[in-house]
Structure formats: structure tokens, C-alpha cells
Amino acid sequence: GLRIDAQLRLAHTFSWVWAQRGDHAGRLLHWPWQHTPYPTYARLRAQGPVVSSPVGFEAATTRASVGEVLRGAEFGVEPPQGSGLHERFDVVDLSFLLRDPPDHTRLRRVARPAFAPRMIRTYRDSVEQVCGELLDRALERGRFDLMHDFAQPFPIRVIARLLGVPASDQARFVEIGNTIGSSLDGARSARHLARIRKASAELDQLFDRLLAERRAQPREDVLSSLAAAVDEGQVKGDEVGAMCRLLLVAGFETTVNLIGNGVMALLRNPEQWRALVDDPALAPAAVEEVLRYDSPVQTTGRWVHRDTEVQGVPLRRGSQVICLLGSANRDPEHFTDPDRFDVRRDNAGEHLSFSSGAHYCLGAPLARLEGEVALRALAERAPDLAPAAMPKRRRTLVLRGLSDFPVRTGAG
Ligand code: HEM
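In full-length UniProt numbering, the protein residues as written are 6 to 417.
Okay, here's the thing in C-alpha cells:
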């Protein structure tokens, strides 16, 4: 169907982007997951702030151009109205992530209170507890897989608690989350798409049941406030499922990758790991530098709603722009010596890894809390952490992260 076609075009664009490396020229559908995209980004930036691909997308490459597109009123996440264009990249509906105003404004407002800084502070104990339990078990073994035993279960347990998914449903919730999370990168095949749809339907059922329970007996959790928002008419009944899905998916793989990419960067730069071990109060700064240096989300996209220009490059209504977040974060015009990983960098927090403008990551305060708690706990409890084997990269393009990362501590 149309969505698969859009996915394929996106994949082609990526393969074109990566083909700029030079060593893969001519291989249209090359999946470059083992590679680092950063040399490619540097080549693209040298071509200009906005570069046209022969397969129909524009790519914004610099911090200035990416920021302008993300904040510009001429751009949207939906195709321009009345353009007859309907292609969308979403395999499943992810609520306001994929809506322009007025729906975006209305739906985001409903989800917002749960992520307010005041609320985030109240989550700290819970986040530290989940982190502590997982690390107790992993560190006891001496040798463990950072991804399977720590980075993957951690954020999904946090979000399950935060939403109010009972412990008895959490194992299934994790499985469904894994499947739906894989949709952020698009469907790989009709079978994959069918699996995603099935998981999505099952998640809807789970949330329907939980919402009904909360309506009868409200508690202090996100599901209870969503149930109330439906009753007050702020959210339509059929919009709730998509919003729950968004909160699950957006906060899951992304944070997994923050932790995995972060530990990998730290262990590959032992003097940086040492700095964190010596001073765990550096953890929040380290999180910002990890986000900048190896962004968990490498790209996002926008439609051009009105003819405009970005950094002197004209863009026509109806075209699509890929925002290369990971390239913006390595822009030497903004970050000195951008390929160096330095947890003491003073402007690391100016990365675009959480996007910018109206869609700026709603969960950023939670992601920062989880990242800080995870890196600090590892530095404090496993100062001799070391790789035990080569990490494996996930076969994804939009999300950048590891699937496996065997590590050991002195005992292991
Ligand atoms: C949106 C990144 C963690 C919830 C976004 C966007 C990015 C992003 C790039 C915007 C995409 C765009 O502009 O098109 C990340 C990263 C994370 C992370 C790198 C972890 C390191 C979380 C967490 C949650 C969350 C923990 C909450 C559970 C959301 C939501 C949106 C969003 C609800 C949609 C905002 C909107 O469209 O208005 N995130 N995210 N994210 N994120 Fe995150």
C-alpha cells in the first residue's frame, strides 16, 4: 500500500545518503546499519545546508537549517492541506507526534501535565528503584548484556509504572512495546506490518480495559488522567489508544539507545568514563553529550506547507525535508571539534536530539532523568565496567542504537 511505498522511498533516500560515503555508490538499497553515518553527514554538510536527493527528498544538514525547518511555520508533520498528498510514514497512528495544529495543540495539552518538571521530580524514586533492581541482578553475574539485561527493560518498566500498567500485565506490555517500537523505523515487509498491526490492536485492548478500570476507580497515574480527559471531551474515545501508544513507543527505544550509545561512547573513551567515575555528579552533563554525540533518533521529517527558503535554499510546497538531527549535532559551525566525545563540553545541551519547536520531545525531562540515573548508577556501582565483546548494531535507520553489548565488571 501507500505507506509501504513511502517507507521504501524513505529507505531509498537513506541509501542515497549513505551512498555518499563513496564506498557503496550504486547500491540503491544498501542498509548501512553497521556503519557510522557521521563521515557521510560531513560530506553532505559540505554540499550545503539543504541538499536535494535524486529520489525526491530534501535533506537539512546543518544545525541552523535543521533548526529552521523544525521551528518554521511553513512546515508541518502532515501533508499540506488540499495538496492531494496523503503519503505518511507512520505505520501505526502515533497521535500528536504526527498531527499539526489544531489537533496537535489539543492532544499534546492533555498529555503534558504528566511530564511537567514538578511531576518528573516525583518519579525519581521510582526510576532509581527500577534501575537499582535491574543492576542488582546484572552486577551479581559479573558478566551481562548491557542491552538485554539493563538498557532495554529499564525505560519500559518506568513507563509502565508511570502509565499505571499493573505488574501482571507488564511482561506482555514489554513484548508489545518491542514490536510497536520497531515501527518507528517503518515496516520492513508486509509480514512485519501485519505483526505491528496485531500488536497495536492488542495494546488497544489492554489500554481499553485499564482505562475502564481507572474510570471506575481513579488513581494517581497517567491512565486515570486520560480517562478523565475523555470524559471531559478533550480527547475523543478513538484517540486515546493512539496517545497511549505514543507514550509507550516514544519513551522506549529512544531511551534504550541513549543508555546503550552512552555506555559505548564512555567505554570507548576511557578518560571520559574515568571522569564520570571520579565525579558522578557529571552524569547530567554526560547525558547531554551522549545525546549530541550519538543521537538515539537520527532523523525526523517535515512537509513543506508553503513555498519558502531555508538558509538561502528554496523549498517548494508539497516537498518533504528529512532533518538530519545527528548531522546538526556534529556541525562544526556550532560545536567545536564536533567528533570529539567530551562530557565537559559547555554547549552539549544545544543538540537537536529532542527536536525543536512545537514537537519538542514531551518526554525530554523523563529521558534526562532516566539517563542520569542509569549512567550515575553504573559509574558508582561498576567503576571497572568494560566491554566483553563487540557490540551489535540494530538494523534501523531512524533510530540509532545497539541490540547487544556484552560487558563485564572486574568480577566477571
Ligand atoms: C517527540 C526524541 C524520550 C515522549 C520526540 C521527538 C524526538 C524525540 C526527536 C520529535 C520528533 C519530531 O520533531 O518530529 C527522544 C529521545 C528520547 C526521547 C532522543 C530519549 C533519549 C522520550 C520519553 C518520552 C517521550 C521518555 C515519554 C514517555 C515523546 C512524545 C513526543 C516526542 C510524546 C511527541 C511530541 C509532539 O509531537 O508534540 N522525541 N525522545 N520521548 N517524545 Fe521523545
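Every residue, glycine too, gets a C-beta built ideally from N, C-alpha and C.
According to DSSP, residues forming a beta bridge with residue i
{"i": "L102", "result": "Looking at the DSSP assignment, L102 forms no beta bridge with any residue, so it has no partner."}
{"i": "R148", "result": "R413"}
{"i": "V309", "result": "F80"}
{"i": "R398", "result": "L407"}
{"i": "R133", "result": "Per the sequence shown, the amino acid found at residue 133 is Glu instead of Arg. According to DSSP, which records beta bridges pairwise, E133 is partnered with nothing at all."}
{"i": "A391", "result": "R413"}
{"i": "V315", "result": "V318"}
Residue i beta carbon near the ligand NAP (any heavy atom closer than 7 angstroms)
{"i": "L367", "result": "Absence of the ligand NAP from the depicted structure is noted, with the ligand HEM being the only ligands included."}
First through last residue of the alpha helix (DSSP H) which encompasses residue i
{"i": "E63", "result": "Per DSSP, E63 belongs to no alpha helix (DSSP H); it is in the beta strand (DSSP E), F62 to A65."}
{"i": "R111", "result": "D108 to A116"}
{"i": "P319", "result": "Careful: P319 lies outside any alpha helix (DSSP H), inside the beta strand (DSSP E) at V318 to L320."}
{"i": "F346", "result": "Segment: none, F346 is in no alpha helix (DSSP H) and carries neither H nor E."}
{"i": "L357", "result": "No alpha helix (DSSP H) contains L357, which DSSP labels as neither H nor E."}
{"i": "T45", "result": "Y43 to Q52"}
{"i": "D226", "result": "Per DSSP, D226 belongs to no alpha helix (DSSP H) and is neither H nor E."}
{"i": "C366", "result": "Where C366 is concerned, there is no enclosing alpha helix (DSSP H), given that its DSSP letter is neither H nor E."}
DSSP-derived helix/strand/coil call for residue i
{"i": "S57", "result": "strand"}
{"i": "V403", "result": "coil"}
{"i": "R202", "result": "helix"}
{"i": "T184", "result": "helix"}
{"i": "T304", "result": "strand"}
{"i": "E338", "result": "coil"}
{"i": "N262", "result": "helix"}
{"i": "L167", "result": "helix"}
{"i": "G87", "result": "coil"}
{"i": "V240", "result": "coil"}
{"i": "A121", "result": "coil"}
{"i": "G376", "result": "helix"}
{"i": "L33", "result": "Because the pLDDT of L33 is 31, which lies under 50, any placement of that residue in the model is unreliable, and the number read from its coordinates should be weighed accordingly. Coil at L33, not helix or strand."}
Extent of the continuous beta strand (DSSP E) run through residue i
{"i": "C328", "result": "Q325 to L329"}
{"i": "P285", "result": "Segment: none, P285 is in no beta strand (DSSP E) and carries neither H nor E."}
Rounded distance between the beta-carbons of residue j and residue i, thought under 8 angstroms
{"i": "P84", "j": "W308", "result": "5 angstroms"}
{"i": "V71", "j": "L330", "result": "6 angstroms"}
{"i": "E377", "j": "A280", "result": "Their Cβ separation, rounded to whole angstroms, is 15 angstroms, which puts E377 and A280 out of contact at 8 angstroms."}
{"i": "R117", "j": "L367", "result": "7 angstroms"}
{"i": "S332", "j": "R126", "result": "At roughly 34 angstroms, the Cβ-Cβ gap does not stay under 8 angstroms, so S332 and R126 are not in contact."}
{"i": "G406", "j": "P301", "result": "6 angstroms"}
The region 307–323 touching the region 252–272, judged by at least three CB pairs closer than 8 angstroms: no
At least 3 beta-carbon pairs within less than 8 angstroms: the region 343–357 vs the region 296–308: yes
Three or more C-beta pairs below 8 angstroms linking the region 138–154 and the region 198–214: no
Contact the region 245–253 vs the region 214–233: 3+ CB pairs below 8 angstroms: yes
The region 334–343 contacting the region 353–370, beta-carbon criterion three pairs below 8 angstroms: yes
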